[in-house]
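Counting from 1, position 61 in the sequence shown corresponds to residue 515 in my numbering; the numbering is continuous, with no gaps.
Worksheet: the structure to be examined is printed underneath.
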Amino acid sequence: MEELSCSICLELFTRPKMLPCQHTFCQDCLQDLASRKVPLRCPNCRQQVRLPRQGVTGLPDNIMAANMCERLQNQATLSGETREQPQSGNRCNFHPSEKLKLYCKPCQVPLCVDCVEEGHDGHPNVSLAKATQERRSSAQALISEGRNILESYCSFIRGLRETEKTLTAQKQQTDNSIIQTYNQIVQKLTEKKDHLLSESQQNYNKNLVKIQT
Numbered sequence: 455m456e457e458l459s460c461s462i463c464l465e466l467f468t469r470p471k472m473l474p475c476q477h478t479f480c481q482d483c484l485q486d487l488a489s490r491k492v493p494l495r496c497p498n499c500r501q502q503v504r505l506p507r508q509g510v511t512g513l514p515d516n517i518m519a520a521n522m523c524e525r526l527q528n529q530a531t532l533s534g535e536t537r538e539q540p541q542s543g544n545r546c547n548f549h550p551s552e553k554l555k556l557y558c559k560p561c562q563v564p565l566c567v568d569c570v571e572e573g574h575d576g577h578p579n580v581s582l583a584k585a586t587q588e589r590r591s592s593a594q595a596l597i598s599e600g601r602n603i604l605e606s607y608c609s610f611i612r613g614l615r616e617t618e619k620t621l622t623a624q625k626q627q628t629d630n631s632i633i634q635t636y637n638q639i640v641q642k643l644t645e646k647k648d649h650l651l652s653e654s655q656q657n658y659n660k661n662l663v664k665i666q667t
């Protein structure tokens, strides 16, 4: 779940925005940071951020993170509805002498026999127990699907982070190689310069001796 949580507010992303460094935060959290009179830096890697003309709202949306957060919220809602679903045998609020035994599919409400006759006549219905099982199965399927997608997303994010680490290490290695090569070239040029200056001085001294004798 960490990959779908904003490291500023520690909640699920709300309108997630992606910075140039590829780190993602809630739009409101970034706007709060941007409103301060200091250069905006990524809270994770401290890289300075140059905002577009539209400000934080102009930053690219992290569509994948937004979709995943929406799925998780829908799963939580559906799971809650399933847990709160009235069970067969509960008393009807409108007809206390009757028990809830049926479920009206078009209206999506539990019914007793009197409810069917009074306001749901002709509506397709099933037993409340069957409807509850169907909703529970639907919720479980959605949760399972969400978990699979979440794992894929988390794996994708982990892959990006590993790639970032590899690129950083490669850049550091390349930079070190460039600096080493540069220093070697400078050293050789310095040695060559010193040698040529020494030869020049020796020639000067020889010629000076000749004209003085």
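Cβ coordinates follow ideal geometry from the N, Cα and C atoms, glycine included.
Only a predicted model underlies this, so the values are computations on that prediction, with no experimental measurement involved.
Annotation for P564: P540, L554, Y557 and L582 place their beta carbon closer than 6 Å to its own, counting only its chain and skipping 5 residues before and after. As the crow flies, the alpha-carbon of I517 is around 16 Å from that of C475.
By the CB criterion at 7 Å, R469 and Q481 fall inside the cutoff.
Residue environment: C561 is assigned as exposed (fewer than 16 neighbouring CB atoms within 10 Å of its CB, all protein chains considered).
Scanning the region 462-545 from its first residue to its last, the whole alpha helix (DSSP H) runs of 4-plus residues come out as 481-488 and 517-538. Taking all protein chains shown into account, R507 has fewer than 16 neighbouring C-beta atoms within 10 Å of its C-beta and is therefore exposed.
Counting the other CB atoms within 10 Å of its CB gives V510 a total of 16 or more, which places it among the buried residues.
When only Cα atoms are considered, N659 and H649 end up about 15 Å apart.
With a cutoff of 7 Å on beta-carbon distance, F467 and C523 are scored as near each other. Listed as beta-bridge partners of L565 by DSSP are L556. Around the CB of A595, fewer than 16 other CB atoms lie within 10 Å, so the residue is classed as exposed. CA-to-CA, the gap between G600 and S591 works out to about 14 Å.
Looking at K559, L643 and D568, the one whose alpha-carbon comes closest to that of N547 is D568. Fully enclosed beta strand (DSSP E) runs of no fewer than 3 residues occupy 579-581 of the region 577-601, in order along the chain.
By DSSP's assignment, S459 forms a beta bridge with L466.
C483 sits buried, since 16 or more C-beta atoms from the chains shown fall within 10 Å of its C-beta. In this model, D515 and R589 are separated by some 33 Å (Cα to Cα). Taking C-beta atoms as the reference points, L513 and K471 count as a pair closer than 7 Å. A straight-line Cα-Cα distance of about 22 Å links S606 and L473. R525 is the residue among V503, E653 and R525 whose C-alpha sits nearest the C-alpha of S598. For the 7 Å CB-CB criterion, P497 and I462 form a contact.
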